[in-house]
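Q: Heads up: the sequence shown begins at 0 in the numbering used here, then just goes up one per residue.
Every residue, glycine too, gets a C-beta built ideally from N, C-alpha and C.
All values derive from a computational prediction rather than experimental measurement.
Once you've had a glance at the structure underneath, I'll fire off some questions.
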Amino acid sequence: MEPPPDGWTKAHRDSWTQLVPDGVDLPHQGWKIHVSSTLDEAPRVLRTVWDYCVPRRISFKFLDSARTLLFRNLKYADRSGSGKFVTVYPQHEDELHLALLDLDELLAGVPGPRILSDLRWRNGPVHVRYGGFARRLCRVPTGELVPAIAEPGGKLVPDVRGTVFRPPDWVKIPEFLVPHVAALGDGDRPADFFYEVERALHFSNGGGVYVARDLRVDRQVVLKEARPHAGLDRTGADAVRRLHREHAFLVELADVPAVADAYELLVLDEHHFLAQEYVQGARLNRLMVQRHPLIGADPAQSDVAEYTRWALDVLDQVADVLDRLHRRGIVFADLHPNNVVVEPDGRVRLIDFEMAYREGERPNVGVGAPGYVPTDHRTGPAADHYALGCLRLAMFYPITQVLPLDPGKAGELAAAVADRFPVGAGFTDLVAREIGPLPEVAGSVALRAADLRGGGSDWAGALGSAARAILSTATPHRDDRLFPGDLYQFSRNGLGFGHGAAGVLHALAITGHGRHPEHEQWLVRAVGAGGSDRHVGLHDGLCGIAYALDHLGLTDEASQVLDRTTSLDPTELSDDLFAGLAGVGLTHLHFADRLDTLPLVRKIGAVLVDRLAAREPVTLGTLGTRSSSVGRGGLLRGDSGPALLLIRLFEHTGEQQWLDAAATCLAHDLASCVRVTKDDSVQLSEGWRSLPYLASGSAGVGAVLHLYLGHSPDERLTDVLTGIRRAASIEFAVQPGLFNGRAGLVGFLGLLRDPDAPDADLEAAITTHLRSTPLHFIDLRGEVAFPGEQLMRLSMDLGSGGAGVLTALHAVLNGGELLPFLPHVPPPPARI
Numbered sequence: 000m001e002p003p004p005d006g007w008t009k010a011h012r013d014s015w016t017q018l019v020p021d022g023v024d025l026p027h028q029g030w031k032i033h034v035s036s037t038l039d040e041a042p043r044v045l046r047t048v049w050d051y052c053v054p055r056r057i058s059f060k061f062l063d064s065a066r067t068l069l070f071r072n073l074k075y076a077d078r079s080g081s082g083k084f085v086t087v088y089p090q091h092e093d094e095l096h097l098a099l100l101d102l103d104e105l106l107a108g109v110p111g112p113r114i115l116s117d118l119r120w121r122n123g124p125v126h127v128r129y130g131g132f133a134r135r136l137c138r139v140p141t142g143e144l145v146p147a148i149a150e151p152g153g154k155l156v157p158d159v160r161g162t163v164f165r166p167p168d169w170v171k172i173p174e175f176l177v178p179h180v181a182a183l184g185d186g187d188r189p190a191d192f193f194y195e196v197e198r199a200l201h202f203s204n205g206g207g208v209y210v211a212r213d214l215r216v217d218r219q220v221v222l223k224e225a226r227p228h229a230g231l232d233r234t235g236a237d238a239v240r241r242l243h244r245e246h247a248f249l250v251e252l253a254d255v256p257a258v259a260d261a262y263e264l265l266v267l268d269e270h271h272f273l274a275q276e277y278v279q280g281a282r283l284n285r286l287m288v289q290r291h292p293l294i295g296a297d298p299a300q301s302d303v304a305e306y307t308r309w310a311l312d313v314l315d316q317v318a319d320v321l322d323r324l325h326r327r328g329i330v331f332a333d334l335h336p337n338n339v340v341v342e343p344d345g346r347v348r349l350i351d352f353e354m355a356y357r358e359g360e361r362p363n364v365g366v367g368a369p370g371y372v373p374t375d376h377r378t379g380p381a382a383d384h385y386a387l388g389c390l391r392l393a394m395f396y397p398i399t400q401v402l403p404l405d406p407g408k409a410g411e412l413a414a415a416v417a418d419r420f421p422v423g424a425g426f427t428d429l430v431a432r433e434i435g436p437l438p439e440v441a442g443s444v445a446l447r448a449a450d451l452r453g454g455g456s457d458w459a460g461a462l463g464s465a466a467r468a469i470l471s472t473a474t475p476h477r478d479d480r481l482f483p484g485d486l487y488q489f490s491r492n493g494l495g496f497g498h499g500a501a502g503v504l505h506a507l508a509i510t511g512h513g514r515h516p517e518h519e520q521w522l523v524r525a526v527g528a529g530g531s532d533r534h535v536g537l538h539d540g541l542c543g544i545a546y547a548l549d550h551l552g553l554t555d556e557a558s559q560v561l562d563r564t565t566s567l568d569p570t571e572l573s574d575d576l577f578a579g580l581a582g583v584g585l586t587h588l589h590f591a592d593r594l595d596t597l598p599l600v601r602k603i604g605a606v607l608v609d610r611l612a613a614r615e616p617v618t619l620g621t622l623g624t625r626s627s628s629v630g631r632g633g634l635l636r637g638d639s640g641p642a643l644l645l646i647r648l649f650e651h652t653g654e655q656q657w658l659d660a661a662a663t664c665l666a667h668d669l670a671s672c673v674r675v676t677k678d679d680s681v682q683l684s685e686g687w688r689s690l691p692y693l694a695s696g697s698a699g700v701g702a703v704l705h706l707y708l709g710h711s712p713d714e715r716l717t718d719v720l721t722g723i724r725r726a727a728s729i730e731f732a733v734q735p736g737l738f739n740g741r742a743g744l745v746g747f748l749g750l751l752r753d754p755d756a757p758d759a760d761l762e763a764a765i766t767t768h769l770r771s772t773p774l775h776f777i778d779l780r781g782e783v784a785f786p787g788e789q790l791m792r793l794s795m796d797l798g799s800g801g802a803g804v805l806t807a808l809h810a811v812l813n814g815g816e817l818l819p820f821l822p823h824v825p826p827p828p829a830r831i
């Protein structure tokens, strides 16, 4: 697009290019127009809007590239923002009405996806919603600042962008929009639509998947929805095209018992639907979690053998189904555990033929479930065989997502499976035939991993290698982040303690891997430039940065950063440790003796106590009485974080009220925990699953409970802590990280050591974790690196990556002579 005309200002922000005529003062908020577009029509749409708005001096903005438009419309893109290509900012309602009429006429017949958050104007690509024009922010209970609009009284509230058109209650709908709002209907099922939706299974940008009932024959079905021009894959094909292809394949394979039957295709309000057989049974990924013996404490070898027999039978059935498809020239192209259903009688069914294609056709290369897509871009039946080989590994060690990061891991995983499970002598050869040649264990990282898994002791060498890997990835030339980490650093900032530079530099220093002045100055400059001012918490913002700078000896800089948090209003923040009051209070308590911040900590404590008083009372030590719908539990997002602050405040002041309040907090998180019958462990329940991890599971609750019991012994709570210890004593964890992986579990177990009462079982559990850690070693130019959350990218940060693994393992291997592996969590006692 050409440069802006004279008298206009052009600006770029967050993938948008905005044009504003000089001298035009837009209101802060109001009704705005969104125009959607397909990839092919985008140049025409932009040209039309440009030529309309410029002569009329109407401000507008547009996405800056076709690539950005594609990414915002992909199948798993944000549904609330999908479809938006151009935004037009009328200055008043008369201009809005005229623009809607004119743009609708100019763009009549131009295809574009429906924007779910907006009101569609007639049947074209033009949409409208009420929202902010200017960039204004307000703080939400999570502690972060989000886009805001003002209520009539002037108070800023979140500018909610959902998946339905829902203007604020206090906004008057313009008269010319009222008929369009009325046309939305009341949501009742149309008389000619014979399916009653019973529940939703899944949503994506392409549409929903529902369990429904065909009222004509009283039959339960799966109803798959496809939105036109939405839910694109990387070739640009939309959900409708994929749905029709799936229907054609299901019809062709109607005689294959392992494939679900297709019933009919239908269209309702432009959305396409495929009704197909509802397969009774459970998805394979759910069964793997339920049955896998190594995610429970003390697995018996008989349980390992039984699981292996079941897994090999499932794999044989899947291989047979693929063979039948291939004989017909059909490539399934999307094999992974979520697309395999095991019926109650043990028979296997394949579901979701959305990605299938005929042998010889151009496939959607590179698209599919992470961990099952060929790293060498092979196609045809060979791609299905690659996915089958990955499934063979994942049935036992479900971490094949790491293969794109380190393809050599396939051989290591195959060997580890053969060592631990009775899979038979031919297992490794079978995996090799499907995935490709499995290299012999070679290279410094692979050899180090094999040695440590076999009981080797050179952990100092491994941790030194991990530190070198972290430092090798530093990018001081970048402004947004210093070390690669979790994607959270891009949606928030790359400076914080949990997922940014502060936590990494802190970890390197406390584990004996040095100070790095160049990187420390990068952090000082970045925070000085306001790089994290939207966030004040311990793990997401200013407090964590101040804590790290202080431990690095940059005390003046730390004080300056902390000063920027002293004026906050505690009522604006959530309670939690990650981004809320618990983390802020603990940080200020850390500085209290030097900077007189204890009054603020007391104020925060009082807010927490007041909030506790307004909640339903819970008996301390009672498990499983709190609904998972009440809110999240655990150390970082639940009530254990506030309990940690209140215990520390008790220790600092000697005032019993704070310890009593900590007990109340712990009671709420323990009420979210359940005792798992299979292994008598105690885990934190999320309703559909229970977790043992540090950040979001019972280990974090246990760390604070252990601290509380040091002040207030209680036999019943000690028994609960024993159950949490069992939960942390598992042999296999999907992720290696500190927050939600193995490192947090081994760190928690290290906290439980008592130098006056050596515990052989505890040491055995720690040793099991240490020997299993090398399963996640990734070779990064000859050094040891670790994958982050979901295992799909390398991470060096504290919460998900190498810095957290380094810190937890160092603490466990070296005793309690150092700072805690997580701020404010007590270090383990020194060994004797």
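#1: Along the chain, which unbroken stretches of the alpha helix (DSSP H) at least 4 residues long are found entirely within the segment 224 to 308?
#2: Evaluate the contact criterion for the segment 284 to 303 versus the segment 726 to 743: three or more CB pairs, one atom per stretch, below 8 Å.
#3: Over the uninterrupted alpha helix (DSSP H) stretch that includes Pro54, give me the two end residues.
#4: Who are the Cβ neighbours of Asp638 in its own chain at under 6 Å, not counting the five residues just before and after it?
#5: Can you give the Cα-Cα distance for Thr8 and His33, rounded to whole angstroms?
#6: Roughly how many angstroms separate the alpha carbons of Leu349 and Ser671, rounded to a whole number?
#7: Are the beta-carbon atoms belonging to Ser684 and Pro691 less than 8 Å from one another?
#8: In chain order, what are the residue ranges of uninterrupted alpha helix (DSSP H) at least 4 long that sit wholly in the segment 637 to 725?
#9: With a CB to CB cut of under 8 Å and the five nearest residues on each side skipped, what residues in its chain are close to Glu342?
#10: Can you tell me whether DSSP reads Gly82 as helix, strand or coil?
#11: Taking 7 Å as the limit between beta carbons, can you name the residues of its chain near Ile831, skipping five residues before and five after?
#12: Tell me the rounded alpha-carbon separation between His498 and Phe193.
#13: Enumerate in chain order the residues of its own chain whose CB-to-CB distance from Ala393 is below 6 Å, with the five nearest sequence positions on each side excluded.
#14: Who are Glu782's beta bridge partners in DSSP?
#15: Find the nearest neighbour of Val422 within the set Ala310, Trp458, Trp120, Leu155, judged by alpha-carbon distance.
#16: How should Pro54 be labelled, buried or exposed, when 16 other C-beta atoms within 10 angstroms of its C-beta is the threshold for buried?
#17: In this structure, how does DSSP classify Asp602 when only helix, strand and coil are distinguished?
#18: Can Asp539 and Phe482 be called in contact, C-beta distance under 8 Å?
#19: Under 6 Å Cβ to Cβ from Ser464, same chain only, skipping five residues before and after it: list those, please.
#20: Using 8 Å as the threshold, is the C-beta distance between Leu634 and Ala694 below it?
#21: Among the residues of its own chain, which have a CB less than 7 Å from the CB of Val139, if the five just before and after it don't count?
#22: Taking its Cβ as the centre, do 16 or more other Cβ atoms sit within 10 Å of Asn72, making it buried, or is it exposed?
#23: Out of Ser301, His271, Asp383, Asp375, state which residue places its alpha-carbon closest to the alpha-carbon of Arg326.
#24: Using DSSP's beta-bridge definition, name the partner residues of Cys137.
#25: Using the three-state DSSP reduction, which class does Val904 fall into: helix, strand or coil?
#26: Could you pull out every residue in the same chain whose Cβ sits closer than 8 Å to the Cβ of Asp562, ignoring the five residues on either side in sequence?
#27: With DSSP as the reference, identify every bridge partner of Asp351, one or two as the case may be.
#28: Measuring alpha carbon to alpha carbon, tell me which of Leu737, His710, Asp713, Gly749 ends up nearest Arg724.
#29: For Glu263, count neighbouring C-beta atoms within 10 Å of its own C-beta (all shown protein chains included) and say buried if the count is 16 or more, exposed if not.
#30: How big is the Cα-Cα spacing for Ile544 and Tyr396?
#31: Do Ala547 and Ala501 have their beta-carbon atoms positioned less than 8 Å apart in this structure?
#32: Can you find the residues in the same chain that come closer than 7 Å, C-beta to C-beta, to Ala304, ignoring five residues on each side of it along the sequence?
#33: What does the Cβ neighbour count give for Glu519, buried or exposed, with the cut at 16 atoms within 10 Å?
#34: For the candidate residues Gly206, Pro167, Asn122, whose alpha-carbon lies nearest to that of Ser81?
#35: Starting from Val422, trace the beta strand (DSSP E) both ways and give me its first and last residue.
#36: So what does DSSP say about Arg610, is it helix, strand or coil?
A: Checking against the coordinates, here is how it stands:
#1: 238 to 251, 283 to 290
#2: As far as the Cβ criterion goes, the segment 284 to 303 touches the segment 726 to 743, which means the pair count is three or higher.
#3: 41 to 55
#4: Its chain contains Cys664, His667, Asp668 as the residues whose beta carbon lies nearer than 6 Å to that of Asp638, once the 5 sequence neighbours on both sides are disregarded; these appear in chain order.
#5: 20 Å
#6: Roughly 36 Å between the two C-alpha positions.
#7: In this structure, Pro691 does not lie closer than 8 Å to Ser684 by Cβ.
#8: Qualifying alpha helix (DSSP H) stretches, in chain order: 639 to 652, 655 to 670, 697 to 708.
#9: Val278, Gln279, Gly280, Arg348
#10: coil
#11: Its pLDDT being 24, under 50, Ile831 is placed unreliably in this model, and the value from its coordinates should be taken loosely. Around Ile831: Pro754.
#12: Going from the Cα of His498 to the Cα of Phe193 covers about 49 Å.
#13: Cβ neighbours of Ala393 within its own chain (closer than 6 Å, five residues either side excluded): Thr399.
#14: Leu779
#15: Ala310
#16: Classification of Pro54: exposed, given that the 10 Å Cβ count is below 16.
#17: For clarity, residue 602 is Lys in the given sequence; the question names Asp instead. Secondary structure at Lys602: helix, using DSSP grouped into helix, strand and coil.
#18: no
#19: Glu782, Val783
#20: yes
#21: Val145, Pro157
#22: Asn72 should be labelled buried.
#23: Asp383
#24: Val145
#25: This structure cannot speak to residue 904, because the chain is shown only from 0 to 831.
#26: none
#27: Bridge partners of Asp351: none, in fact.
#28: For Arg724, the nearest C-alpha among the options comes from Gly749.
#29: exposed
#30: 37 Å
#31: yes
#32: Pro421
#33: With at least 16 other beta carbons inside 10 angstroms of its own, Glu519 counts as buried.
#34: Gly206
#35: Premise fails: Val422 is in no beta strand (DSSP E) and is neither H nor E.
#36: In the structure shown, Arg610 sits in a helix (DSSP, three-state: H, G or I).
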